[in-house]
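S.K.: Below is the structure I would like to discuss, written out as structure tokens.
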Amino acid sequence: MPRHQHFLTLVLTILRSTFNILIALLILIKFTTHLSGWLWLLLIIVLGVVLPSWQYMLNRYTFTANDVHLQSGLFWKKDVHIPYERIQTIQRKQSLLYQIFRLARVTIDTSGKSSGEAEAVLPGVKLSVADELELLRAQHHQAPVTPVVLWPQNIKAVPVSQPNYTISPKNLFIYGLTSLGILPILIGVWFVYDQIGDLLPKRYAHWLVNNYQHGTWQVLLAVILLIFILAALINLVKTVNKYYGFNITRTDHAVELQRGLINHATVHFDTRKVQAVQFEQSLLRRAFHLVTVKVLLASNAADDESEAELTMIPVIPMKSLTKVMPSLLPDFDYGIPQQFTSLPNERFWYFWRIRLWWLLLVPGIEALWLWHYQLLAIITLIVLIAWFTSLAWFANHDVGLAIMADQLLLQKARNFKKTWTLVKHVKIQSLAINQSLWLINSDIAHLSVDVRAANSSHSIDLRYLNLADTLAVQKWYTTTSLN
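In the working numbering, the protein residues as written are 223 to 705.
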């Protein structure tokens, strides 16, 4: 029997539509004055109440024996059937209001969609409906096995422990403070501080400006420190709100992620749909030996629609990887490879000379704009040289690869962030060896490995490798494919 969304979704839709219509009508009133008040009221009722109610009645869903059936559309009818076998991930999102009423916004992602949008969305249903959908999907993704007990006959059920991992408050605190998300907040706080004279009353603004102008470098340092602390606290609150109560649990092939304080989110995905596992470590988190774990999935389950990865574990100590990851994703080998190929130190110059063009461009810009600030121009050039040199050193130091039995370990660095990826042979879509014009007739080449991520391919590129190493990877890939 067809079912409707929860009645609260209709109430919220009516309130949202009415508010938007009122704003639009307030703008139109300035240009149209001959319409009567009753006509304005009729427009509000029709557009804000009648149409959303009609659409609510037409939007229905049914869980059949084999698929999810969704009907929608006010002027253009839409009828969608999604077999349970095609469902890749199921996401639940709960705002604070939804948590009070025990509701969730359920997003269904499949492998066959071509756009970045979800295949189907249930804007507001009870949690029991989401549980029912997840149970139906799990039943169709694996065939039931009937156990046969030969002896003894009076055997008792043995509780099976579910692999899980929970983030400690200490690691979450460090994760929030070391996040680069603090940079846009710093810019925003500095902008507010720059406009503080217009925001405060004149008496306080004059007092602040006078003290600032007559202050010393200690005052400026205190202001910068205060802005940094405020930005760090804001970023910490955002991180805690997003990942508070994070818990990941695996039951057979189904993995469940729960996180969020005000906006609670639950994500389900199948371990058999994982295309690759990525481990990320920013420059600051290297000092604390903390890692972020992401997975590439054949569906759009990413935290951010602009990204292809799903954050599986936001933060985990390095020493816990080999103990936690095999229990959550047992198909991958997390041991240290016996032969890890890295780049020689001389290869640093290849990474550095790419950025040389920027260093040649900067003096030209400085000659036009900073010619009368010679000291500032020299300092800017020195800072840029140090910055590009550091980027090149980390890029050279962190690049490497390892060929394992049935998987590749690919490691690289970009903008001081080290990333190493584990990808199984069967998940590799394509593999290519490239040489630019400058590398022809040399023993250096670039390696590109493509895997599926969401609705497109994700390329893992390693630059300036030894040509012999890239050919070894190509031989491993083709030989294993033939076998």
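Each residue gets a CB set at the ideal place from its N, CA and C atoms; glycine is no exception.
Note that the structure is predicted; figures quoted are calculated from it, not measured.
If distances are taken between C-alpha atoms only, which option among I396, W260 and L234 comes closest to L319?
M.R.: Start at 1 with the first residue of the sequence shown, and residue 319 comes out as number 97. Ranking I396, W260 and L234 by Cα distance to L319 puts L234 first.
S.K.: What's the gap between the Cα of T368 and the Cα of N567?
M.R.: For this step, residue 368 is matched to residue 146 along the sequence shown. For this step, residue 567 is matched to residue 345 along the sequence shown. At T368, the pLDDT of 44 sits below 50, so the modelled position is not reliable; the number obtained from the coordinates is stated separately. In a straight line, the C-alpha of T368 is about 59 Å away from that of N567.
S.K.: Under the three-state reduction of DSSP, which class applies to Y387: helix, strand or coil?
M.R.: In the sequence shown, the residue the question calls residue 387 occupies position 165. DSSP places Y387 in strand when its eight states are reduced to three.
S.K.: Thinking C-alpha only, which one of I312, R636, F229 and L479 is nearest T388?
M.R.: As a first step, residue 388 must be located in the sequence shown, where it is residue number 166. When each option's Cα is compared against that of T388, the closest is L479.
S.K.: Can you tell which of W298, R494 and A487 has its C-alpha closest to the C-alpha of A476?
M.R.: One-based indexing of the sequence shown puts residue 476 at position 254. Of the listed residues, the one whose Cα sits closest to A476 is R494.
S.K.: Can you give me the Cβ contacts of S317 inside the same chain, cut-off strictly under 7 Å, excluding the 5 residues immediately before and after it?
M.R.: Taking the sequence shown and counting its residues from 1, the one referred to as residue 317 is at position 95. Correct list, in chain order: N485.
S.K.: Is it buried or exposed, L518, if we count other Cβ atoms within 10 angstroms and call 16 or more buried?
M.R.: Taking the first residue of the sequence shown as position 1, residue 518 is located at position 296. Buried, by the Cβ-count rule.
S.K.: Buried or exposed, going by whether 16 or more other CB atoms sit within 10 Å of the CB of N637?
M.R.: Start at 1 with the first residue of the sequence shown, and residue 637 comes out as number 415. With fewer than 16 other Cβ atoms within 10 Å, it is exposed.
S.K.: Decide if the segment 494 to 510 is in contact with the segment 637 to 649; the criterion is three or more beta carbon pairs, one per stretch, under 8 Å apart.
M.R.: Flag = yes, the segment 494 to 510 and the segment 637 to 649 touch.
S.K.: Around the Cβ of L482, are there at least 16 other Cβ atoms within 10 angstroms (buried) or fewer (exposed)?
M.R.: Taking the sequence shown and counting its residues from 1, one reaches residue 482 at position 260. A quick correction: the sequence has Gly, not Leu, at residue 482. By the neighbour-count rule (16 or more Cβ atoms within 10 Å), G482 is buried.
S.K.: Kindly confirm or deny that the segment 568 to 577 and the segment 612 to 632 touch, where touching means at least three C-beta pairs closer than 8 Å.
M.R.: The answer is yes - the segment 612 to 632 touches the segment 568 to 577, with three or more Cβ pairs under 8 Å.
S.K.: Any heavy atom of the ligand FMN closer than 6 Å to the CB of T563?
M.R.: This structure does not include the ligand FMN; it has no bound ligands of any sort.
S.K.: Quick test of your reading: L506 and T400, contact by CB under 8 Å. State the CB separation rounded to the nearest angstrom.
M.R.: On the sequence shown, position 284 is the one that residue 506 refers to. On the sequence shown, position 178 is the one that residue 400 refers to. Their Cβ separation, rounded to whole angstroms, is 4 Å, which keeps L506 and T400 in contact under 8 Å.
S.K.: Buried or exposed: which applies to E354, given that a residue is buried once 16 or more other Cβ atoms fall within 10 Å of its Cβ?
M.R.: One-based indexing of the sequence shown puts residue 354 at position 132. E354 is exposed by the Cβ-count criterion.
S.K.: Just tell me which of T563, V621, L606 and M547 has its CA closest to the CA of F570.
M.R.: For the purposes of this step, residue 570 is taken as the residue at position 348 of the sequence shown. When each option's Cα is compared against that of F570, the closest is V621.
S.K.: Which of the three DSSP states, helix, strand or coil, is assigned to R472?
M.R.: Counting from 1 along the sequence shown, the entry for residue 472 is found at position 250. Of the three classes helix, strand and coil, the one that applies to R472 here is strand, per DSSP.
S.K.: Could you pull out every residue in the same chain whose Cβ sits closer than 8 Å to the Cβ of W276, ignoring the five residues on either side in sequence?
M.R.: What you label residue 276 is simply residue 54 of the sequence shown in a count that begins at 1. Closer than 8 Å at the Cβ level, and outside the excluded window around W276, lie L296.
S.K.: Give the single residue among L452, H680 and L551 whose Cα lies nearest to the Cα of T473.
M.R.: Indexing the sequence shown from 1 puts residue 473 at position 251. When each option's Cα is compared against that of T473, the closest is L551.
S.K.: Which residue spans inside the segment 494 to 557 form an unbroken alpha helix (DSSP H) run of at least 4?
M.R.: Here the runs fully enclosed are 505 to 510 and 543 to 550.
S.K.: Apart from the five residues just before and just after N376, which ones in its own chain have a Cβ nearer than 7 Å to its Cβ?
M.R.: On the sequence shown, position 154 is the one that residue 376 refers to. Note that N376 has pLDDT 47, beneath the 50 cutoff, so the model's placement of it is unreliable and the number below is only indicative. Nothing meets the Cβ criterion.
S.K.: In chain order, what residues of the same chain have a beta carbon less than 8 Å from the beta carbon of T240, not counting five sequence neighbours either side?
M.R.: Along the sequence shown, one-based indexing puts residue 240 at 18. Once the five neighbours on either side are set aside, the close Cβ partners of T240 are I266, G270 and V271.
S.K.: Taking the Cβ atom as the reference point for each residue, do I513 and M540 lie within a distance shorter than 7 Å?
M.R.: Along the sequence shown, one-based indexing puts residue 513 at 291. Along the sequence shown, one-based indexing puts residue 540 at 318. Here residue 513 turns out to be Val, not Ile, going by the sequence shown. Contact: yes.
S.K.: Of all the alpha helix (DSSP H) runs that stay within the bounds of the segment 262 to 332, which reach a length of 4 or more residues?
M.R.: Entirely contained in the segment 262 to 332, the alpha helix (DSSP H) runs reaching 4 residues are, in chain order, 273 to 280 and 318 to 322.
S.K.: Under the rule that 16 or more other beta-carbon atoms within 10 Å means buried, what is V537, buried or exposed?
M.R.: Numbered from 1 along the sequence shown, position 315 holds the residue referred to as residue 537. V537 is buried by the Cβ-count criterion.
S.K.: Quick one: what's H680 bridged to in DSSP?
M.R.: Numbered from 1 along the sequence shown, position 458 holds the residue referred to as residue 680. DSSP, once it has assigned bridges, lists V673 as partnering H680.
S.K.: Determine, using beta carbons only, whether L458 comes closer than 7 Å to chain D.
M.R.: The chain inventory of the structure shown lacks chain D, comprising one protein chain alone.
S.K.: In chain order, what residues of the same chain have a beta carbon less than 6 Å from the beta carbon of T284, not counting five sequence neighbours either side?
M.R.: Here the question's residue 284 lines up with position 62 in the sequence shown. Contacts found: P224 and H291.
S.K.: Please classify N663 as buried or exposed, where buried requires at least 16 other C-beta atoms within 10 Å of its C-beta.
M.R.: The residue given as residue 663 occupies position 441 in the sequence shown. So N663 ends up on the exposed side.
S.K.: Helix or strand or just coil, what does DSSP make of E259?
M.R.: Reading the sequence shown from its first residue, position 37 is the one you call residue 259. The sequence shown places Gly at residue 259, not Glu. Helix at G259.
S.K.: Check Y686 in the structure and name its three-state DSSP category.
M.R.: Against the sequence shown, residue 686 aligns to sequence position 464. Three-state DSSP puts Y686 in a strand.
S.K.: Measuring alpha carbon to alpha carbon, tell me which residue in T702, Q384, T231 and D555 is nearest N469.
M.R.: Along the sequence shown, read from residue 1 onward, the residue named residue 469 stands at position 247. Taking only the C-alpha atoms, the option nearest N469 is Q384.
S.K.: Roughly how many whole angstroms lie between the Cα atoms of I322 and L458?
M.R.: Within the sequence shown, the letter at position 100 stands for residue 322. Within the sequence shown, the letter at position 236 stands for residue 458. Roughly 25 Å between the two C-alpha positions.
S.K.: Just to confirm the assignment, what range does the alpha helix (DSSP H) spanning R238 have?
M.R.: As a first step, residue 238 must be located in the sequence shown, where it is residue number 16. Looking at the DSSP string, the run of the alpha helix (DSSP H) that includes R238 is F229 to I251.
S.K.: Apart from the five residues on each side of it in sequence, which residues of its chain come closer than 7 Å, Cβ to Cβ, to A360?
M.R.: For the purposes of this step, residue 360 is taken as residue 138 along the sequence shown, with counting starting at 1. Same-chain partners within the cutoff: A476.
S.K.: Of the choices N688, Y278, H490 and L357, whose alpha-carbon is the least far from that of A624?
M.R.: As a working note, residue 624 is residue 402 in the sequence shown. The candidate whose alpha carbon is nearest that of A624 is N688.
S.K.: Flag this pair as yes or no: are the beta carbons of L325 and H228 separated by less than 7 Å?
M.R.: Along the sequence shown, one-based indexing puts residue 325 at 103. Along the sequence shown, one-based indexing puts residue 228 at 6. A contact, by the Cβ cut-off of 7 Å.
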